[in-house]
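Numbering (full-length UniProt numbering), first residue to last: 1 to 280.
Below is one structure, written out as structure tokens; the observations come after it.
Following this line, the structure appears as structure tokens:
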């Protein structure tokens, strides 16, 4: 059992529910922001995952999103006032956030991402840390943040697809719909939008009825296989690169932050995306 325990069950941006089949449903609950991840939501999600991992009434965990999308990525307005004066303090910020954000990988019980409409940026990466991903056919996924000078978050994606695919997704910032993501190995099941809840419930219930300790042993083993192949070293190295890019952003990223602060996120996105129009 995970020895770490959440400090609070007082959630502002998360819903925590356990059903009769021993499935814990964690709902990202910032629908007005398409469940964009800010520091509060990341901390609450970690707390909810650890709570479920320690709950004897829970066998499987599902992460889903309220409102019109699973997760629209990182809350860019959350970074406007960041202190970037020291590479060392900025590095510690990313190390802490990585530890919190990778909790779906860390917990001992299976975690399912149940996604609809948007799973981009941080939302995309969150789904990769989950053990299974179920997505509606209209779900958009990818690292579009690189187009306006942002870095991908944790870089788990190269461990799930072949090299050419990893390079295309990261070096073009191209988003893909769930059916193509499934062909790439990034999604397990693609469903019609109206079937997402039922298919997720059936899959979660099936997994919840397999002996819990068996599931824990196998999840731990499979994770360790990838870690022995170098996954942990690779993600640690990427954290160092992200800290450098965050503390000394590329000019396009600095301009994006300035426009966001002065004229809002919508204006910054429109201005940054203009250079890519007509290229795909």
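Backbone N, C-alpha and C fix where the C-beta goes; we use that ideal spot for every residue, glycine too.
Bounding residues of the alpha helix (DSSP H) (the contiguous stretch that carries residue i)
i	result
residue 221	212-228
residue 233	231-247
Reference residue i, options the options, closest by Cα
i	options	result
residue 170	184, 178, 145, 193	145
residue 84	76, 77, 93	93
residue 226	248, 121, 159	159
residue 255	270, 243, 241	270
residue 25	259, 182, 65	65
residue 68	264, 119, 210, 259	119
residue 217	19, 110, 45, 87	110
residue 264	77, 15, 18	77
residue 153	88, 122, 200	122
residue 219	53, 28, 12	53
residue 181	193, 195, 124, 20	124
residue 62	199, 214, 178, 37	199
N-terminal and C-terminal residue of the beta strand (DSSP E) that residue i is part of
i	result
residue 161	Element bounds for residue 161: n/a, residue is neither H nor E.
residue 252	Unbroken run through residue 252 is the alpha helix (DSSP H), 251-263; no beta strand (DSSP E).
residue 114	111-115
residue 194	From DSSP, residue 194 is part of no beta strand (DSSP E); its letter is neither H nor E.
residue 118	118-120
residue 142	140-142
Residues of its chain near residue i, where Cβ-Cβ distance is below 8 Å and the 5 sequence neighbours each way are ignored
i	result
residue 253	148, 149, 150, 245
residue 89	83
For residue j and residue i, the rounded distance between their alpha carbons
i	j	result
residue 22	residue 58	5 Å
residue 116	residue 129	17 Å
residue 258	residue 221	45 Å
residue 173	residue 232	24 Å
residue 113	residue 127	5 Å
residue 277	residue 268	15 Å
residue 248	residue 183	36 Å
residue 41	residue 261	21 Å
residue 251	residue 14	35 Å
residue 272	residue 11	34 Å
residue 45	residue 28	8 Å
Proximal residues to residue i (C-beta, below 7 Å), its chain only, five neighbours per side dropped
i	result
residue 4	Bear in mind that a pLDDT of 42 at residue 4, under 50, signals an unreliable position, so the number given afterwards is only what the model happens to contain. Correct list, in chain order: 50.
residue 239	94, 95, 98
Residues near residue i in its chain [Cβ-Cβ closer than 6 Å; skip 5 each side]
i	result
residue 156	128
Note to self: For the segment 179-190 against the segment 127-143, do three or more pairs of beta-carbon atoms, one drawn from each stretch, fall closer than 8 Å, so that the two count as touching?
What the structure shows: yes
Item checked: Cβ contact (3+ pairs, closer than 8 Å) linking the segment 67-83 and the segment 32-46 -> yes
Notebook entry, point to check: Should the segment 160-168 be regarded as contacting the segment 197-212, the criterion being three or more beta carbon pairs within less than 8 Å?
Noted result: no
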